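These notes concern the structure reproduced below.
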Amino acid sequence: LNFNKTHPEYQDVKIPTLREVYEALKPTGMTINVELKTGIFWYKDLEKKVLELTKEMEMEDRVIYSSFNHYSIQQMKKIVPEAETAYLYSDVILNVAEYAKNTKVDGLHPAVYHVKMADFLKEYLDSNLNVRVWTVNEKADMKWLIDAGVTAIITNYPDMAVQIKKEAEV
Numbered sequence: 004l005n006f007n008k009t010h011p012e013y014q015d016v017k018i019p020t021l022r023e024v025y026e027a028l029k030p031t032g033m034t035i036n037v038e039l040k041t042g043i044f045w046y047k048d049l050e051k052k053v054l055e056l057t058k059e060m061e062m063e064d065r066v067i068y069s070s071f072n073h074y075s076i077q078q079m080k081k082i083v084p085e086a087e088t089a090y091l092y093s094d095v096i097l098n099v100a101e102y103a104k105n106t107k108v109d110g111l112h113p114a115v116y117h118v119k120m121a122d123f124l125k126e127y128l129d130s131n132l133n134v135r136v137w138t139v140n141e142k143a144d145m146k147w148l149i150d151a152g153v154t155a156i157i158t159n160y161p162d163m164a165v166q167i168k169k170e171a172e173v
């Protein structure tokens with residue numbers, strides 16, 4: 004797919020397929036967060052197809068599945084109970100950690116602005132669920148969250164996050 008209609012500066016850049024992403028990442032040993040974009044459209048058998056491709060590519064132990072559509076995440080768990088999953092959310096959800104645990108989900112993916120409210124970050128970290136905060140693009144936020152012990156941050160600046168992580172380990 005070519006996405007440059009609104010970005011003519013990216014004349015020949017194509018959106019990779021999930022297979023192409025897996026092929027690029029497989030040799031690196033990196034873990035990937037696959038976000039299922041099923042919030043507006045539910046694509047028939049998308050969850051099954053993604054899980055089948057992940058298995059075919061032998062990436063099962065390196066993929067985290069997340070979605071704002073929690074039904075989609077539950078479908079993933081129904082098909083492959085051991086799949087690593089997380090709920091993405093953009094509004095404050097009452098007792099979200101309890102909700103995730105009760106539905107056998109492995110992690111929480113709150114927005115960066117949520118973890119700055121009340122004591123939500125502490126609550127999420129105390130839940131023993133994996134906590135991956137999105138979209139963390141400010142250096143100070145990256146440092147704060149890394150120091151706080153989140154599982155990961157989701158950012159548009161991975162190079163900056165890696166550098167801050169290295170500095171924190173010194």
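In our numbering, the protein residues as written are 4 to 173. Glycine included, every Cβ here is placed at the ideal spot set by N, Cα and C. What you are looking at is a predicted structure, and each value in this text was computed from that prediction instead of being measured.
Endpoints, the beta strand (DSSP E) within which residue i is located
i	result
residue 75	Note, residue 75: premise wrong, no beta strand (DSSP E); alpha helix (DSSP H) at 73 to 82.
residue 65	Note, residue 65: premise wrong, no beta strand (DSSP E); not H, not E.
Candidates the options, of which the one nearest residue i by Cα
i	options	result
residue 18	26, 154 and 7	7
residue 30	15, 92, 94 and 61	61
residue 97	119, 126 and 109	126
residue 111	88, 26 and 34	88
residue 99	55, 147 and 131	131
residue 145	122, 116, 58 and 123	116
residue 171	152, 159, 160 and 161	152
residue 154	66, 128, 64 and 54	128
residue 75	138, 46 and 109	46
residue 25	44, 64, 133 and 15	64
residue 140	124, 165, 134 and 122	165
residue 86	53, 93 and 138	53
CB-CB length for residue i against residue j, believed under 8 Å
i	j	result
residue 72	residue 157	Going by Cβ atoms, the distance from residue 72 to residue 157 rounds to 17 Å, so no, they are not a contact pair.
residue 120	residue 142	Between residue 142 and residue 120 the Cβ distance is about 21 Å, and since that is not below 8 Å, they are no contact.
residue 106	residue 77	6 Å
residue 38	residue 69	5 Å
residue 34	residue 67	7 Å
residue 161	residue 136	Actually they are not in contact, since the Cβ atoms of residue 161 and residue 136 sit about 14 Å apart, beyond 8 Å.
Bridge partners - residue i, DSSP secondary structure assignment
i	result
residue 110	89 and 133
residue 140	Residue 140 is not bridged to any residue.
residue 36	67
residue 151	Looking at the DSSP assignment, residue 151 forms no beta bridge with any residue, so it has no partner.
residue 156	136
Extent of the continuous alpha helix (DSSP H) run through residue i
i	result
residue 105	99 to 105
residue 50	49 to 59
residue 172	161 to 172
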